[in-house]
Amino acid sequence: QKEVEQNSGPLSVPEGAIASLNCTYSDRGSQSFFWYRQYSGKSPELIMFIYSNGDKEDGRFTAQLNKASQYVSLLIRDSQPSDSATYLCAVNSNSGYALNFGKGTSLLVTP
Amino acid sequence: DTEVTQTPKHLVMGMTNKKSLKCEQHMGHRAMYWYKQKAKKPPELMFVYSYEKLSINESVPSRFSPECPNSSLLNLHLHALQPEDSALYLCASSQAGLATYNEQFFGPGTRLTVL
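Chains as they are written, first to last, in the numbering used here: chain A, 477 to 587; chain B, 104 to 218.
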């Protein structure tokens with residue numbers, strides 16, 4: 477079973493700060509990387525995906541991928557209390573169909 | 104429109120009941136998935152349908168029976184469940200069946216409680 481590792485947190489940041497969420501993966505052949513946000517009691521919501529090395533920005537979110545280091549991160553700028561949620565990192569499996577999920581990082585943005 | 108719908112939102116059933124969960128998407132996606140998620144755990148893949156054919160069954164007990172009547176609909180038939188099957192059941196869809204370069208979108212889920 478290929479592994480996707482995330483710090484479970486909670487990661488606490490003040491409102492307006494940058495939240496940095498990290499994820500490492502063990503399968504060097506992985507090609508697709510996804511970040512999902514999940515509020516308590518709700519379903520996962522896709523917020524970012526990245527397929528190439530480097531940065532990808534969408535609004536307040538930036539995904540960063542470094543395949544050499546097998547590392548993907550999510551930056552949330554100008555964090556808001558509404559960003560408080562669990563963030564799941566997911567990586568395509570080598571079987572092709574499945575996503576391997578990390579256990580998620582709990583983010584708490586304090587006013 | 105990136106909406107996947109699921110019914111019912113909540114379901115309580117006894118161990119001898121038979122019930123079904125339903126999922127629908129109108130995004131033209133050709134792959135649909137069932138996941139199970141327990142509290143404070145990530146989603147676990149159960150089944151994958153690609154082009155209406157079952158592509159993956161992750162060694163799921165036979166008390167869970169999936170069905171894909173057409174490319175927009177996915178059902179999960181439940182029979183003789185155990186209390187430990189209580190969880191959030193998530194449906195997802197994607198344009199194609201491979202996870203590579205292929206985003207999966209989740210529905211709101213069905214919260215299942217087995218008494």
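In this text, a Cβ means the ideal position worked out from N, Cα and C, and glycines have one as well.
Practice prompt. Could you list which residues in chain B have their beta carbon closer than 9 Å to that of A/Tyr547, in chain order?
Written response: One finds nothing in chain B with a Cβ atom closer than 9 Å to the Cβ of A/Tyr547; even the nearest lies about 19 Å away.
Worksheet item: Within 10 angstroms of its Cβ, does A/Val585 collect 16 or more other Cβ (buried), or is it exposed?
Response: Label assigned to A/Val585: buried.
Fill in: Through-space distance from A/Gly492 to B/Asn178, alpha-carbon basis
Using only the alpha carbons, I get a separation of about 43 Å.
Worksheet item: Can you name the residues of chain A whose CB is closer than 7 Å to the CB of B/Pro111?
Response: Under the 7 Å cutoff, chain A gives no residues; its nearest Cβ is about 14 Å from B/Pro111.
Practice prompt. Enumerate in chain order the residues of its own chain whose CB-to-CB distance from A/Phe577 is below 6 Å, with the five nearest sequence positions on each side excluded.
Written response: If you ignore the 5 residues before and after A/Phe577, its C-beta comes within less than 6 Å of the C-beta of Leu564 and Ala566, all in its own chain and listed in chain order.
Worksheet item: With which residues is A/Met524 paired in a DSSP beta bridge?
Response: Its beta-bridge partners are A/Trp511.
Worksheet entry | From A/Asp531, A/Gly485 and A/Gly535, residue whose alpha carbon lies closest to that of A/Lys543 | Per the Cα distances, A/Asp531.
Fill in: Buried or exposed by the 16-neighbour rule on C-beta atoms within 10 Å, applied to B/Met234
With chain B covering only 104 through 218, there is no way to say anything about residue 234 of chain B.
Worksheet item: Between the Cα of B/Ser174 and the Cα atoms of B/Ser197, B/Leu218 and B/Leu181, which residue gives the shortest distance?
Response: Comparing C-alpha distances from B/Ser174 to each of B/Ser197, B/Leu218 and B/Leu181 shows the shortest one belongs to B/Ser197.
Worksheet item: What distance in whole Å lies between the Cβ atoms of A/Tyr501 and A/Gln546, which are believed to be in contact at a cut-off of 8 Å?
Response: With a beta-carbon spacing of about 5 Å, A/Gln546 and A/Tyr501 fall inside the 8 Å limit used to define contacts.
Worksheet item: Where does the unbroken beta strand (DSSP E) through B/Gln140 begin, and where does it stop?
Response: Element bounds for B/Gln140: Ala134 to Gln140.
Item to complete: May I ask you to report which of helix, strand or coil DSSP gives B/Asp188?
Response: Helix at B/Asp188.
Discussion item. Considering only the alpha carbon of each residue, which of B/Pro111, B/Asp188, B/Gln140 and B/Gln109 lies closest to B/Val217?
Written reply: The residue from B/Pro111, B/Asp188, B/Gln140 and B/Gln109 with its alpha-carbon nearest to that of B/Val217 is B/Asp188.
Discussion item. Quick check for students: name the residue ranges of the beta strand (DSSP E) that lie wholly in the stretch 106-176 of chain B, counting only runs of 3 or more.
Written reply: Counting whole runs of 3 or more residues, the stretch 106-176 of chain B contains the beta strand (DSSP E) stretches 107-110, 113-116, 121-128, 134-140, 147-153, 156-160 and 167-173.
Practice prompt. Take A/Ser555 as the anchor and find which of A/Ile526, A/Ser488 and A/Ser484 has the nearest alpha-carbon.
Written response: Nearest C-alpha to A/Ser555: A/Ser488.
Worksheet item: If you count every other CB in all the chains shown that lies within 10 Å of the CB of A/Arg513, and 16 or more means buried, which is it?
Response: Buried, since its Cβ has 16 or more Cβ neighbours within 10 Å.
Discussion item. Helix, strand or coil for A/Pro490? Go by DSSP, reduced to three states.
Written reply: The answer is strand: DSSP assigns A/Pro490 an E or B state.
Discussion item. For A/Asn498, which residues in the same chain have their Cβ closer than 6 Å to its Cβ, ignoring the five residues on either side in sequence?
Written reply: A distance below 6 Å between beta-carbons, with the five flanking residues on each side excluded, links A/Asn498 to the following residues of its chain, in chain order: Ser549.
Worksheet entry | Neighbouring residues, chain B, relative to A/Gly530 (Cβ below 9 Å) | Chain B residues near A/Gly530: none, gap ~16 Å exceeds 9 Å.
Item to complete: List the residues of chain B whose Cβ lies closer than 9 Å to the Cβ of A/Ala574, in chain order.
Response: Here the neighbours are Tyr136, Leu148, Val151, Ile159, Glu161 and Ala202.
Worksheet item: How big is the Cα-Cα spacing for A/Gly505 and A/Ser496?
Response: Rounded to whole angstroms, A/Gly505 to A/Ser496 spans 25 Å at the Cα level.
Worksheet item: So is A/Asn529 buried or exposed if we call it buried at 16+ other beta carbons inside 10 Å?
Response: By the beta-carbon neighbour count (other beta carbons within 10 angstroms, threshold 16), A/Asn529 is exposed.
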